[in-house]
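Those letters in the sequence shown? Residues 73 to 227, by my numbering.
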Amino acid sequence: MVNPDATSDSFAEWFEVWNAASFPIPLAGLVVREDVSDTVAVVTLDTADVLAPGAYYVLGKSTDTSVNGGVAVQYLLPASLSLTNTGDYLSLETSSGLILDSTQWGEAPQGASLSLDPEFMDASSNDDDSHYCAAVTLLASGDTGTPGASNDACP
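So, in structure tokens, the structure goes:
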């Protein structure tokens, strides 16, 4: 959720990662990069969590569901990491800089998460902005998205 409507961006921004591999992936030491050209805009994950095959993992700006739109956030991101509503970039990398996956977007819909169509869940298809649409599943806050669950299909 790049551009929440029901609550503040400061608390309600979130994104998820999905393990497409057939084996568990330890998250400790993986790096989230928010700006492709800024070596400071990174977060090194400090967690013992392991992402099971086929599982989703939600990273967000607040773990408090009373202020973050009702989203069960599993990893608290620092306040310094901000998802830009008018276009941005995210990557998940190893500590040595190998990009495991990345995505970028243009204008984000207000009050709806960007939903990757389930037909395009592989690491290369998710690079195409046309495979995303505004989520339609209603969250408790009134915004829409599927944090930690299968995405809505795109029309």
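Cβ atoms here follow ideal geometry from the backbone N, Cα and C, with glycine treated the same way.
Proximal residues to residue i (C-beta, below 6 Å), its chain only, five neighbours per side dropped
i, result
"Leu67", "With the chain represented from 73 up to 227, any question about residue 67 goes unanswered, as that position is not in the structure."
"Val208", "Thr216 and Asp224"
"Lys133", "Phe83, Glu85 and Leu149"
"Ser187", "Cys205, Ala207, Asn223 and Asp224"
"Ala228", "Any property of residue 228 remains undetermined from this structure, which presents the chain solely from 73 to 227."
Endpoints, beta strand (DSSP E) assigned at residue i
i, result
"Asp173", "Ile171 to Trp177"
"Ser163", "Asp160 to Glu165"
"Ala206", "Tyr204 to Ala206"
"Thr79", "Note, Thr79: premise wrong, no beta strand (DSSP E); not H, not E."
For residue i, the residue or residues it bridges with in DSSP
i, result
"Gly132", "Trp86 and Leu148"
"Thr216", "Ala184 and Leu210"
"Pro98", "Val122"
"Val115", "Val104"
Proximal residues to residue i (C-beta, below 8 Å), its chain only, five neighbours per side dropped
i, result
"Glu88", "Tyr128, Tyr129, Val130, Leu131, Pro219 and Gly220"
"Ala151", "Ser82 and Lys133"
Proximity below 7 Å, CB of residue i to CB of residue j
i, j, result
"Gly141", "Pro76", "yes"
"Val108", "Tyr161", "yes"
Contact set for residue i: own chain, Cβ-Cβ below 7 Å, skip 5 residues either direction
i, result
"Thr158", "Glu179"
Check: residue i C-beta below 6 Å from any heavy atom of the ligand MG
i, result
"Thr158", "The ligand MG is not part of the structure shown, which contains no ligands of any sort."
* Asked: Is it true that the stretch 117-127 meets the stretch 176-190, where meeting means three or more beta-carbon pairs spaced less than 8 Å apart?
  -> no
* Asked: Is the stretch 98-106 close to the stretch 188-208, with three or more CB pairs under 8 Å?
  -> no
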